[in-house]
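The structure under discussion appears below in the form of structure tokens.
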Amino acid sequence: MKGLNLNLTFQFLQLFCVLIDFFSSPFIGLSYNRLPYFKNYFFDQYFLIYEDTPVGASITTLLGEDSDHDPLVYGVVGEEASRYFAVESQTGVVWLRQPLDREVKSELQVEFSVSDPESVIKRIVNIQVGDVNDNVPIFHSQPYSVRILENTPVGTPIYIVNATDADQGTGGSVLYSFQPPSPFFSIDGARGVVTVVKPLDYEITQAYQLQVNATDQDEIRPLSTLANLAITITDIQDMDPIFINLPYSTNIYENSPPGKTVRVITAIDQDRGRPRGIGYTIVSGNTNSIFALDYISGALILNGPLDRENPLYSSGFILTVRGTELNDDRTPSNATVSTTFNILVIDVNDNPPEFNRSQYSVSIPELAQVGFALPLFIQVQDKDDGVNSLFDVQLVGNNSDHFTISPTSGQGKADIRVRVAVPLDYESLSRYEFSLFANETASDHVGFARVKINLINENDNRPVFSQPLYNVNLFENASVGITVIRVIATDNDIGSYGNVNYYFSDESDRFVIDKDTGQITLIGRLDYETTQRYTLTLIAKDGGGEETTGRVRISVLDVNDNVPTFPKESYLGTIRENEPSSVQVVKVRAIDDDSPPNNQITYSIFNASIQSNYFDISVSEGYGVITVTKSLDYEHVPGGFIFLTVMAKDAGNPPLHSSVPITIEVFDENDNSPTFSQTSYIIAVSENIIAGATVLFVTATDLDQSREYGQESMIYSLEGSSQFRINTRSGEITTTSLLDRETKFEYILIVRAVDGGMGYNQKTGIATVNITLLDMNDNHPLWKDEPYLVNVVEMSPAHTDVITVSAFDPDLSENGTVAYTIHPPNRFYHINSTTGKIRTSGAVLDRENMNVRAAEMMRKIIVSVTDRGNPPLRASSSTTVTVNLLDLNDNDPSFENLPFVAEVPEGLTAASSVFQVLAVDPDENLNGLVTFTMQVGMPRLDFIMNTTTGLITSTALLDREKIAEYYLRIIASDAGMVPRSSTSTLTVRVIDVNDETPTFHPSIYNIALLESVPRDYMVVRLNCTDADAGLNAELSYFITGENRLQISRITFNPIPLPVRCMTEKHY
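For the sequence shown, this note's numbering assigns the number 1004 to the initial residue and increments by one for each residue that follows.
Structure (structure tokens):
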């Protein structure tokens, strides 16, 4: 018996057949072990385990099968795999031995084994570690700090912070924000770009410490971390300097030495980062360059002698000084500031009083009256100031009391008047000479001047009779030529002014006077019955023409035989009403030619037309003097006249008497003021009253009865408004022009009535006239506060306040009450007709509404306004409220090309474009800014997506045999405050490429055959598979090497294939 070894080689398969000598065994038979295999699906795909799976957890169970029904043993192969996983050998349960971390290792190639008693099968599983959000974002390149200029423009990016999150999907997508938000800076939530959003000012804030929050976007448990961003502001020269310690003012004494520092002024650069030095200059006010200003230190120094009495310096100085910021090279920059510096020059008592002349001379008449001011211009001045210029003035010398000076003291400058203090007499003293002193009160300074006064001789003495009245009694039979009397007059004047001559004032036919001696001689006969007394008026005249009168009374003696006789038939007296009592009204005199006592007369009032008790008569110097004992009232005297009868009675026995009528005219005094019928007139007139129309008659009365002061003298006047005038006589008030209540609704006029009095004697009556204008509907409503622009958030609910429009009608009441309407009607809004408040109506305000008419109505409200007058007046034009609809994030992003099936060939290289997702969001700004993400949970991360453009690119070489289709869940999100999103699916179908080699299972078949097996005996059934698909997976079988066996058939299906013997030849 022979043994036979067969070595059969197939393509990708080597079969080893052992032929057992047919004769070496008591029987002929074939026996071999069938291999176990795994039934789990994941060996052909992948297995997903999330990284937060706890240690000790069962993650799967290995399922194996053996056609021989042998007991199977499971295991894990390899050191690394054994560190992570353990397999229960009998049950095939796989459990986790060590924590997983996707960020450390995202994929494991684990080889599991299943074995029967004779053979071991090993297969590799691709285990994908699934991501969970277990990593906080990590900031890179800390610490964050940046230095920027304070004039960095708004909108300038200044820094980029960078944080990454090792997680995937939304858990690995980082958004940035400031906590708390900064009013000066913003951060791009997606890119981390920090931008200036508000002007900066170093002088207010030099540095900002911002806290940046990086948050991942995991929806269930977002994680965040914080980082500090230090922003240092660098100062620039953008501010002018300022003076400090303002205002600048100081005093300086006039005798201060040159070089004295008056004051130091200081300006500072408001740019505090790197302040520049200041240069100081005087711009104006530095008269004669009396001051110097140190350019660097700002010290103001006196530059020369300072005399306050110099007119250029007396009022002080107002310097305009400038501070200029200096560049580094000490050259002036353009940054300047100016201010004023007030300097008052303080007086020092360094000037004595001075008279305007050293000597004054004047000649005055000796008759200068007491108080007469001498025609001298005397002026004294002390050029000092304040108390330093006080002085006293004295007149010193013999007989200095004959004159006075005024004022006797002064300050600064005074005009001195010299006046006559006592009557002067040339004959006593004809010349005066005095010293005039001006003495300072507070020092030894004295002013001095001489005053010389010469008197001019005047004829200042009249002749004086030795007695004023010479009484002489002559009997009527005295002889002609008899010397009656010699009168003597003397004159104290010197020279010709002292010579006296005598005269009668009236030439007499009975007497003559000697011019030189003053002797009076009788030259005619006397007759008592004709003339009882002669009174001669004497004149004594000196050489200067001055006269003095005297009298000589020559009484002719006779008997009593005459009745008292009034020289007038009647007398007229006058008096003003309200004169005080005991005022003389009239004097009467009766003449009795008899001699005393028969010619002694008494007077009495024995008849009066009215008010007899108001009058009294007394005798004074031979006159009957009528006086008023009580004040008279003109208004109670009929016609203004009172008639009295006065009796004159002599002292004879029996007495003789006579009477005379006396008329007393009483003059009216202005003792009554005009009085208006009302103290206040209140009247209402329509505002449309015509110009010149009568408004009112005012009336005043005056109780005075005379034409001069009474009613006829009264004049009316009006003040308070030029819109009205008054007839000065009638009191009629009329309009002068058209009135407008809306310009002025009330006029308060003052009406005066004045009588005919003059000056202080004039009397005035006053009344007020209050004129109220009644409203007429003569004004159209006017819009206020135009234009009307308002922001309204779309989708605002009904009755949301939009804006209040306002119109003003200056009319009153209903005429001025306005009513608002929306015209044409607008279904989106309604208006309160009274208040003008516009609210939403409840119709949906959708900013994205594509209807042109509706969009216009949502954004434009046309409002009309009328008043409620009769008839109503409408505004000249409607007003338009322009509504800016603010976007509300009310629209989800909408995919334009999803869902979709994209087909790509396998073997496509990494970074190849696969598909571009397009989505739109009709909202605006951030609410309409769409970004894309792929939902976490894909079996493999073989694709990445550009969040902005939506472009999906591959990240790995695609292998259809591993994953034939990918279902990518795409999320499109907007950037609203509360983001909205839409989700759709992109199916990526991997098109097969013939890139897989057929594989036998198992790869080596060990077969034992008897050498006597017949032809076409089935030796073995082959099992071969190809991971490709379609035609690429249909198989053809061939035997290579020695061809003693044949494959019974060719098939294109990956099914077990029988192999049969081709020959019966013995080997």
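Note that beta-carbon positions come from the ideal geometry of N, C-alpha and C, so glycine has one too.
Query - Three or more C-beta pairs below 8 Å linking the stretch 1627-1643 and the stretch 1570-1585 - result: As far as the Cβ criterion goes, the stretch 1627-1643 touches the stretch 1570-1585, which means the pair count is three or higher.
Query raised in the report: What residue range is occupied by the uninterrupted beta strand (DSSP E) comprising E1859?
Result: Here residue 1859 is taken as the residue at index 856 of the sequence shown, counted from 1. Taken as a continuous stretch (DSSP letters only), E1859 belongs to no beta strand (DSSP E), being part of the alpha helix (DSSP H) at 1855-1862.
**Report entry** Whole-angstrom distance between V1132 and L1103, CA atom to CA atom
**Finding:** On the sequence shown, residue 1103 is found 100 positions in, with the first residue counted as 1. On the sequence shown, residue 1132 is found 129 positions in, with the first residue counted as 1. L1103 and V1132: Cα-Cα distance of roughly 7 Å.
Requested in this report: Check the C-beta distance from L1985 over to P1875 and give it rounded, since I have them as a contact under 8 Å.
Outcome: As a working mapping, residue 1985 is identified with position 982 in the sequence shown. As a working mapping, residue 1875 is identified with position 872 in the sequence shown. In the sequence on display, residue 1985 carries Ser and not Leu. Cβ-Cβ separation between S1985 and P1875: approximately 55 Å, too far for a contact (criterion under 8 Å).
Query raised in the report: What is the DSSP secondary structure of S1300, counted as helix, strand or coil?
Result: Numbered from 1 along the sequence shown, position 297 holds the residue referred to as residue 1300. S1300: coil per DSSP, three-state reduction.
Query raised in the report: What runs of the alpha helix (DSSP H), each 4 residues or longer, lie entirely inside the stretch 1521-1558?
Result: Entirely contained in the stretch 1521-1558, not one alpha helix (DSSP H) run reaches 4 residues.
Query raised in the report: Which residue or residues does DSSP assign as beta-bridge partners of K1125?
Result: Taking the first residue of the sequence shown as position 1, residue 1125 is located at position 122. Answer by DSSP bridge pairing, in chain order: S1116.
Report task. Indicate whether the contact test is met: 3 or more Cβ pairs, each with one atom in the stretch 1479-1493 and one in the stretch 1428-1442, closer than 8 Å. Result -> In short, these stretches do not touch, since the Cβ pair count stays below three.
Query raised in the report: Considering N1291, what are the terminal residues of the beta strand (DSSP E) in which it resides?
Result: For the purposes of this step, residue 1291 is identified with residue 288 of the sequence shown, where counting begins at 1. For N1291, there is no enclosing beta strand (DSSP E), as DSSP gives it neither H nor E.
Query raised in the report: Can at least three beta-carbon pairs, one atom from the stretch 1857-1877 and one from the stretch 1809-1827, be found at a separation below 8 Å?
Result: Judged by Cβ distances under 8 Å, the stretch 1857-1877 makes contact with the stretch 1809-1827, as three or more pairs qualify.
Query raised in the report: By Cβ distance, which residues of its chain are closer than 6 Å to A1611, with the 5 residues on each side in sequence left out?
Result: Taking the sequence shown and counting its residues from 1, one reaches residue 1611 at position 608. Excluding sequence neighbours, A1611 sits near L1647.
Query raised in the report: So, helix, strand or coil for Y1617, using DSSP?
Result: As a position in the sequence shown, residue 1617 is number 614, starting the count at 1. Note: Y1617 maps to helix in three-state DSSP.
Query - Cβ shell of N1345 (< 6 Å), same chain only, five flanking positions each side left out - result: On the sequence shown, residue 1345 is found 342 positions in, with the first residue counted as 1. The beta carbon of N1345 is closer than 6 Å to those of S1252, I1321 in its chain, skipping five residues each way along the sequence.
Query raised in the report: Do A1270 and I1281 have their C-beta atoms within less than 7 Å of each other?
Result: As a working mapping, residue 1270 is identified with position 267 in the sequence shown. As a working mapping, residue 1281 is identified with position 278 in the sequence shown. By the CB criterion at 7 Å, A1270 and I1281 fall inside the cutoff.
Requested in this report: Taking R1086 as part of the alpha helix (DSSP H), name the residues at either end of that continuous run.
Outcome: Position 83 of the sequence shown, counted from the first residue, corresponds to residue 1086. Per DSSP, R1086 belongs to the alpha helix (DSSP H) from 1082-1087.
Requested in this report: Would you kindly report the start and end of the unbroken beta strand (DSSP E) that includes N1887?
Outcome: As a working note, residue 1887 is residue 884 in the sequence shown. Run containing N1887: 1882-1889, per the beta strand (DSSP E) assignment.
Query raised in the report: From this set, D1272, Y1256, P1260, which residue's C-alpha is nearest P1244's C-alpha?
Result: On the sequence shown, residue 1244 is found 241 positions in, with the first residue counted as 1. The residue with the shortest Cα to Cα distance from P1244 is D1272.
Requested in this report: With a threshold of 16 other CB atoms inside 10 Å of the CB of T1936, please say whether the residue is buried or exposed.
Outcome: To locate residue 1936, count along the sequence shown from 1; it is residue 933. Of the residues assessed, T1936 falls on the buried side of the cut-off, its CB having 16 or more other CB atoms within 10 angstroms.
**Report entry** Backbone CA spacing between R1150 and L1971 [nearest angstrom]
**Finding:** Along the sequence shown, one-based indexing puts residue 1150 at 147. Along the sequence shown, one-based indexing puts residue 1971 at 968. Cα to Cα, R1150 sits roughly 45 Å from L1971.
Query - Beta-carbon proximity check, S1122 vs L1038, cutoff 7 Å - result: Counted from its first residue, the sequence shown places residue 1122 at position 119. Counted from its first residue, the sequence shown places residue 1038 at position 35. It is a contact, given that the beta carbons lie within the stated cut-off.
Query raised in the report: So what's L1398 in DSSP terms, helix, strand or just coil?
Result: The count along the sequence shown starts at 1 and reaches residue 1398 at position 395. Shown here, L1398 sits in a strand according to DSSP, grouped into three states.
**Report entry** Three-state secondary structure assigned by DSSP to V2016
**Finding:** Start at 1 with the first residue of the sequence shown, and residue 2016 comes out as number 1013. DSSP, read as helix, strand or coil, puts V2016 in coil.
Requested in this report: List the residues that DSSP assigns as beta-bridge partners of P1160.
Outcome: In the sequence shown, residue 1160 corresponds to position 157, counting from 1. BP columns for P1160 point to T1198.
Query raised in the report: Thinking just about the alpha-carbon of each residue, which of G1548, D1977, D1509, V1096 is nearest to the one in S1499?
Result: Position 496 of the sequence shown, counted from the first residue, corresponds to residue 1499. Across the set G1548, D1977, D1509, V1096, the C-alpha of G1548 shows the shortest separation from the C-alpha of S1499.
Query - Heavy atom of the ligand NAP within 6 Å of A1694 beta-carbon - result: The ligand NAP is not part of the structure shown, which contains no ligands of any sort.
Query raised in the report: Leaving out five residues before and five after R1755 in sequence, what residues of the same chain have Cβ atoms less than 6 Å from its Cβ?
Result: As a position in the sequence shown, residue 1755 is number 752, starting the count at 1. Within the same chain, R1755 has close Cβ partners S1720, T1767, I1769.
Query raised in the report: Among V1390, V1886, N1460, G1415, which has the Cα closest to the Cα of E1369?
Result: What you label residue 1369 is simply residue 366 of the sequence shown in a count that begins at 1. Selection V1390, V1886, N1460, G1415 evaluated against E1369 yields N1460 as nearest (Cα-Cα).
Query raised in the report: Secondary structure at V1177, three-state DSSP: helix, strand or coil?
Result: The residue you call residue 1177 lines up with position 174 of the sequence shown. Strand.
Requested in this report: To the nearest angstrom, report how far apart F1030 and G1059 are at their CA atoms.
Outcome: Counting from 1 along the sequence shown, the entry for residue 1030 is found at position 27. Counting from 1 along the sequence shown, the entry for residue 1059 is found at position 56. Low local confidence applies: a pLDDT of 36 at F1030 is under 50, so the model's placement there is unreliable, with the coordinate-based value given in what follows. Between F1030 and G1059, the C-alpha separation is close to 54 Å.
Report task. Look at the Cβ atom of N1782, then the Cβ atom of P1813, and state whether they are nearer than 7 Å. Result -> Within the sequence shown, the letter at position 779 stands for residue 1782. Within the sequence shown, the letter at position 810 stands for residue 1813. If you check the CB distance, N1782 and P1813 come in under 7 Å.
**Report entry** Exposure of D1639, with buried meaning 16 or more beta-carbon neighbours within 10 Å
**Finding:** Translated into the one-based positions of the sequence shown, residue 1639 becomes position 636. The question names Asp, yet the displayed sequence has His at residue 1639. Result: exposed.
Query raised in the report: Given a threshold of 16 other Cβ atoms within 10 Å of its Cβ, counted over all protein chains shown, does H2104 qualify as buried or as exposed?
Result: With the chain running from 1004 to 2070 in the structure shown, residue 2104 is simply not present.
**Report entry** Environment of G1374 [buried if 16+ CB atoms lie within 10 Å]
**Finding:** Your numbering for residue 1374 matches position 371 in the sequence shown. Exposed, since its Cβ has fewer than 16 Cβ neighbours within 10 Å.
Requested in this report: Ignore the nearest five residues each way along the sequence and tell me which others in S1508's own chain have a CB closer than 6 Å to its CB.
Outcome: The residue labelled residue 1508 in the question sits at position 505 within the sequence shown. Result list for S1508: T1540, I1542, in chain order.
Report task. Please state if the CB of I1604 and the CB of I1620 are separated by a distance shorter than 7 Å. Result -> Within the sequence shown, the letter at position 617 stands for residue 1620. Within the sequence shown, the letter at position 601 stands for residue 1604. For I1620 and I1604, no; Cβs fall outside 7 Å.
Requested in this report: Would you mind stating whether L1393 and Q1414 have Cβ atoms separated by less than 7 Å?
Outcome: The residue given as residue 1393 occupies position 390 in the sequence shown. The residue given as residue 1414 occupies position 411 in the sequence shown. Yes.
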